[in-house]
Amino acid sequence: MRDISVTLGQLYRGDSLTVPHLRKKLNADGVTTTTLAEELRLQIQPGWASGYKVVFAKAGDEGPATVPADVVLTLKESSAGDGYRRAGHDLVYTARITLADALCGSILPVHTLDGRTLSVGLTEVIRPGYVKVVPGEGMPVPQPPAGSGKSGAAVGAAGPTGDLRIEFE
2 MRDISVTLGQ LYRGDSLTVP HLRKKLNADG VTTTTLAEEL RLQIQPGWAS GYKVVFAKAG
62 DEGPATVPAD VVLTLKESSA GDGYRRAGHD LVYTARITLA DALCGSILPV HTLDGRTLSV
122 GLTEVIRPGY VKVVPGEGMP VPQPPAGSGK SGAAVGAAGP TGDLRIEFE
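In our numbering, the protein residues as written are 2 to 170.
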């Protein structure tokens, strides 16, 4: 089992990664092995979460009396400093605004994980701890596989999304 570091943005958008992998392959003599440098192709689906495991069947070491084991890659979210954190299928963004904007209202530009900019209208008086919800702008919800697909293969297109919660400090 190996951990693969990914950003929240990669989990939001989906991504394709090539992971270097060394494995022992049984030679034709049936006794000796050769170490091969291979690549595992990992297709991250939008909406997957930290801790998600991708299994590559029988991609492990071979030996004279050893059946190749499965290789398991576990996604681990690294902090990218983009102001977002995940809460289930919702995204939480922490915003700081001026006192004038908090009292008089304004338009808050929010840069999304897929490169868009949302213009969020602030029409209420904002105080610390206030939460503004933008429906449908959270994490994609991955669809379950349509069958027992091939290891490491795509799981399916993303379906509905969670919400974006903007928290004010």
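Note that CB positions come from ideal geometry on N, CA and C, so glycine has one too.
| query | Roughly how many angstroms lie between the CA atoms of M140 and Q44, to the nearest whole one? | reply | Straight-line Cα distance between these residues: approximately 17 Å.
| query | When DSSP labels each residue in this structure, what does D91 get in the three-state scheme? | reply | strand
| task | Leaving aside the five residues before and after L18 along the sequence, list all residues of the same chain whose C-beta is less than 6 Å from its C-beta, in chain order. | result | Once the five neighbours on either side are set aside, the close Cβ partners of L18 are L43.
| request: Determine the extent of the beta strand (DSSP E) in which D205 is found, giving its start and end residues. | output: The first residue shown for the chain is 2 and the last is 170, placing residue 205 beyond what the model contains.
| query | Going by alpha carbons, who is nearest to V73 out of G64, R86, V55, D62? | reply | V55
| message | I believe L41 touches A60 by the beta-carbon criterion, under 8 Å. Please report the beta-carbon distance rounded to the nearest angstrom. | response | 7 Å
| request: Could I get the ranges of all uninterrupted alpha helix (DSSP H) runs contained in the stretch 47–134, with 4 residues as the minimum, in chain order? | output: 100–105
| Considering D4, what are the terminal residues of the beta strand (DSSP E) in which it resides? | 3–8
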